[in-house]
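Step one of this worksheet: look at the structure below.
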Amino acid sequence: MRILLVEDNRDILANMADYLGMKGYTVDCAQDGLSGLHLAATEHYDLIVLDIMLPGIDGYTLCKRLREDARRDTPVIMLTARDQLDDRLQGFRSGADDYLLKPFALSELAARIEAVLRRAQGGGRRTLQVGDLIYDLDTLEVTREGRLLKLNPVGLKLLAVLMQKSPHVLRREILEEALWGDDCPDSDSLRSHVHQLRQVIDKPFAKPLLQTVHGVGYRLAEGRDGV
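Quick note: the UniProt record's numbering has the sequence shown finishing at residue 227, numbered continuously throughout.
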């Protein structure tokens, strides 16, 4: 699932992007209305999270132009500190599907995203599966052979990326970008997190899934390691 976040507050944007990435979503970001409209009109997204008070053009205008000019029916959740009824009604008239007041808990944002997507797509639980490894994106629970596995937030995010692209090989720089953006801690950080992930999802089990492709990167797949 691909989500566009349009929010001019860097901290809020980063927190949303990190949390939704951990939940298994692919996230694109824009910090002003014009950039957000361009992305929304030219790329495919399953849902858009849209702040109202934006530089360039506001969220109301962006949503209305998206509906009327670009003919896009992508679900939209609006974010705002405005809590008056008239503001909410204006958002819905502009084409929004839901409305979330600031400040909000990230867990509530995720729940609203899941609810809007269920309505748009007819329901169903979101899970990733590779072999007997299952990641429930709604509960953030990871199981293998029916056993519940415990992972930290970075491990969950890394696992989601690998499972989404399985059985393809992901280069180190792609994984580092997915986990940390332009702020990768150091050259050994990815290796350390891969090791920790392998200890949890592979070590207790007979067949390894997390594979090192020497000189290239990593993949999650059933089959022989060390390609």
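In this text, a Cβ means the ideal position worked out from N, Cα and C, and glycines have one as well.
Small disclaimer: the values here were computed from a predicted structure and weren't measured.
Exposure label - residue i; buried when at least 16 CB within 10 Å
i	result
R178	Before going further, note that residue 178 is Ala rather than Arg in the sequence given. Buried.
E176	buried
L156	buried
P75	buried
T139	exposed
E7	buried
D186	exposed
D97	buried
L148	exposed
K23	buried
S94	buried
H214	exposed
D183	exposed
DSSP-derived helix/strand/coil call for residue i
i	result
Q84	coil
I52	coil
G217	strand
D11	helix
F104	coil
I57	coil
Beta bridge counterpart(s) of residue i as assigned by DSSP
i	result
C29	L5
Y135	L128, V142
V76	I48
Q211	R219
R171	G217
R147	R144
D98	I77
Contact set for residue i: own chain, Cβ-Cβ below 7 Å, skip 5 residues either direction
i	result
R144	D132, L133, I201, F205
8 Å CB neighbourhood of residue i in its chain, flanking five on each side removed
i	result
D28	R2, I3, L4, L5, L39, E43, Y45
Q164	G24, T26, L128
Cβ neighbours of residue i in the same chain (closer than 6 Å, five flanking residues each side left out)
i	result
G217	V169, L170, R171, R172
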